[in-house]
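Peer 1:
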Amino acid sequence: MIDKKIINNIAKLSRIELDEVHAVQYAKDLSRVLEYFNQISNINTNHIEPMTTPLDQEKVLRKDVVNNIYTPEEMLANAPAKAGNLFKVPPVV
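Per this note's numbering, residue 4 is the first one in the sequence shown, and the count goes up by one each step.
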């Protein structure tokens, strides 16, 4: 069971401001989602073969071939800032 204490902790870690009404509502909603997951995990799937898709399709994969479409100079032509052959971006912290 998810309670509002857990929701408030998640909100704090996510740096999201959450009022009391929403915390209670999200606790109820997430508890219901977890109940659905519990129901799904109790389904017996022993008779079902593992599969990647329910459709009978053959995987068509492309060859892993390097295509040099653009030169580094062409790719960097519209860059607002660059350092050598690299895009220069502001620090993200």
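No residue lacks a Cβ here, since even glycine has one placed at the ideal position from N, Cα and C.
None of the values given here were measured: they were computed from a predicted structure.
#1: How far does the alpha helix (DSSP H) with Met78 in it reach, from first residue to last?
#2: List the endpoints of the continuous alpha helix (DSSP H) containing Leu16.
#3: I believe Leu21 touches Ile5 by the beta-carbon criterion, under 8 Å. Please report the beta-carbon distance rounded to the nearest angstrom.
#4: Any chance you could list the alpha helix (DSSP H) runs of at least 4 consecutive residues sitting entirely within the segment 15 to 51, in chain order?
#5: How big is the Cα-Cα spacing for Lys7 and Arg18?
Peer 2: Short version:
#1: Here residue 78 refers to the residue found at position 75 when the sequence shown is read from its first residue. Note, Met78: alpha helix (DSSP H), 75 to 79.
#2: For the purposes of this step, residue 16 is taken as the residue at position 13 of the sequence shown. Per DSSP, Leu16 belongs to the alpha helix (DSSP H) from 7 to 17.
#3: Here residue 21 is taken as the residue at index 18 of the sequence shown, counted from 1. Here residue 5 is taken as the residue at index 2 of the sequence shown, counted from 1. Not confirmed; about 13 Å, so no contact.
#4: 23 to 44
#5: Indexing the sequence shown from 1 puts residue 7 at position 4. Indexing the sequence shown from 1 puts residue 18 at position 15. Approximately 16 Å between the Cα atoms of the pair.
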